[in-house]
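In the numbering used here, the protein residues as written are 658 to 973.
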């Protein structure tokens, strides 16, 4: 600590040394008595020693305070403007670090809850597949249905983790959205057949976007349309300066619509009719926002839901 002290105040000691050399030169120039020179050196050295002891005690105290990180409780000992400036800077850095830690812990807790929700959801199709296997009653349509559910759950989880970690792999290209829709209809074919539903795809829409992420967003909307629609109903998909997906399902409560895209929000339908995770539409909204697309939901209880996705410049 002594070396640190001398390093901290080396400027003062260098100044004293220069003044001492200057005084010696002046004494020699004027040929003053040697006793007078010794007395002057003794006096100034004594002052320097007293000053050194006082400032060393103060320096030592400040170092101990800073080492224990309890400087807030000992502010009187840190009274110099430079000390206070450093304290202010440290306090700001601590506040930022604390905020980051809290945000990290919050995301960690959310991720833990999310994994629990998804693991619970994945148990249902896995249990169904296991039961069919044990009883040797493997129905191809049922197997495809449960495999599709597992695929959707895994896609949601992986995409949620990517977006949460701000990892994206967008590759923009000109797309014919109708091709993406037809591919998704084929993907959900088993679910449509199981519920004897029909699908109507009309029109076309070309847009510059990312194939993978736009497909993911559309899949969430189509999945909900199938999930919440009765057997024998129709899902109509209209493409013109955007895409409109209409179903004849149970509809959404008016008070739930403003919160549909909130993280973890399931709404009445998600709680009563399905064990929803509350992350599908949240992810859809985030993806579409990054793709510079707008999504709007309108619904009427027992009459169905209409979801429209478009690019703002093409809005009519």
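Glycine included, C-beta positions come from ideal geometry on N, C-alpha and C.
Computed from a prediction, not measured in an experiment: that's the story for all the values here.
Just list the alpha helix (DSSP H) runs in the segment 902 to 969, keeping only unbroken ones of 4 residues or longer that don't cross its boundaries, in chain order.
Listed in chain order, they are 924 to 929, 937 to 947.
Please go through the segment 751 to 835 and give each complete alpha helix (DSSP H) segment of 4 or more residues, from N-terminal end onward.
Runs found: 797 to 821.
In angstroms with no decimal places, state the Cα-to-Cα distance between residue 786 and residue 853.
Reading the chain shown from its first residue, position 129 is the one you call residue 786. Reading the chain shown from its first residue, position 196 is the one you call residue 853. Cα to Cα, the separation comes out at about 22 Å.
With residue 868 as the anchor, note down where its alpha helix (DSSP H) starts and where it stops.
If you number the chain shown from 1, residue 868 lands on position 211. Unbroken alpha helix (DSSP H) run through residue 868: 868 to 884.
Could you check where the alpha helix (DSSP H) with residue 672 kicks off and where it finishes?
As a working note, residue 672 is residue 15 in the chain shown. Segment 667 to 687, the alpha helix (DSSP H) holding residue 672.
When we look at the beta-carbon of residue 687 and count the other beta-carbons within 10 Å, is it buried (16 or more) or exposed?
The count along the chain shown starts at 1 and reaches residue 687 at position 30. Flag for residue 687 reads exposed.
Quick one: is residue 877 buried, meaning 16 or more other Cβ sit within 10 Å of its Cβ, or exposed?
Start at 1 with the first residue of the chain shown, and residue 877 comes out as number 220. Classification of residue 877: buried, given that the 10 Å Cβ count is 16 or more.
Whose C-alpha, out of 846, 821, 831, is nearest the C-alpha of residue 862?
The sequence position of residue 862 within the chain shown is 205, counting from 1. Here the closest residue by C-alpha is 831.
Measuring CB to CB, does residue 906 end up less than 8 Å from residue 965?
Within the chain shown, the letter at position 249 stands for residue 906. Within the chain shown, the letter at position 308 stands for residue 965. Against a cut-off of 8 Å, the Cβ pair of residue 965 and residue 906 comes out as no contact.
Taking 8 Å as the limit between beta carbons, can you name the residues of its chain near residue 888, skipping five residues before and five after?
Within the chain shown, the letter at position 231 stands for residue 888. These residues qualify, in order along the chain: 852, 853, 854.
Which class does residue 857 belong to by DSSP, given the choice of helix, strand or coil?
As a first step, residue 857 must be located in the chain shown, where it is residue number 200. Three-state DSSP puts residue 857 in a strand.
With three or more beta-carbon pairs closer than 8 Å as the criterion, would you say the segment 749 to 756 touches the segment 804 to 815?
Cβ pair count under 8 Å is below three, so no.
Starting from the C-beta of residue 939, find all residues in its chain whose C-beta is less than 8 Å away, skip the five residues before and the five after it, and write them out in chain order.
Sequence index remark: in the chain shown, residue 939 carries index 282 (1-based). So the list reads 918, 919, 920, 921, 922, once near-sequence residues are dropped.
Nearest-angstrom Cα distance between residue 795 and residue 789?
Taking the chain shown and counting its residues from 1, one reaches residue 795 at position 138. Taking the chain shown and counting its residues from 1, one reaches residue 789 at position 132. For residue 795 and residue 789, the distance between alpha carbons rounds to 5 Å.
Let me confirm a value: residue 873 is counted as buried when at least 16 other C-beta atoms fall within 10 Å, else exposed. Which label applies?
Counting from one through the chain shown, the residue named residue 873 turns up at place 216. Buried is the call here.
Indicate whether residue 955 and residue 967 have their beta-carbon atoms separated by less than 8 Å.
Residue numbering aside, residue 955 sits at position 298 when the chain shown is read from its first letter. Residue numbering aside, residue 967 sits at position 310 when the chain shown is read from its first letter. Their beta carbons are not under 8 Å apart, which means residue 955 does not touch residue 967 by this criterion.
Using a Cβ-Cβ cut-off of 7 Å (strictly less than) and excluding sequence neighbours within five positions of residue 820, which residues of its own chain qualify?
For the purposes of this step, residue 820 is identified with residue 163 of the chain shown, where counting begins at 1. Correct list, in chain order: 940, 943.
Residues bridged to residue 896 by DSSP?
Counting from 1 along the chain shown, the entry for residue 896 is found at position 239. BP columns for residue 896 point to 860, 900.
CB-CB under 6 Å to residue 662, same chain, minus the five flanking residues each way: which ones, in chain order?
In the chain shown, counting from the first residue as 1, residue 662 sits at position 5. Correct list, in chain order: 713, 716.
Smallest Cα separation from residue 883: which of 774, 682, 962?
The residue labelled residue 883 in the question sits at position 226 within the chain shown. Of 774, 682, 962, the residue nearest in Cα terms is 962.
Out of 816, 857, 860, 720, which one is the CA nearest neighbour of residue 870?
One-based indexing of the chain shown puts residue 870 at position 213. For residue 870, the nearest C-alpha among the options comes from 816.
So, at 7 Å on beta carbons, what are the nonlocal neighbours of residue 802 in its own chain, with the 5 sequence-adjacent residues on each side left out?
Residue numbering aside, residue 802 sits at position 145 when the chain shown is read from its first letter. Correct list, in chain order: 847, 848, 851.
Expressed to the nearest angstrom, what Euclidean distance is found between the alpha-carbon atoms of residue 664 and residue 720?
Residue numbering aside, residue 664 sits at position 7 when the chain shown is read from its first letter. Residue numbering aside, residue 720 sits at position 63 when the chain shown is read from its first letter. Answer to the nearest angstrom: the Cα atoms are 14 Å apart.
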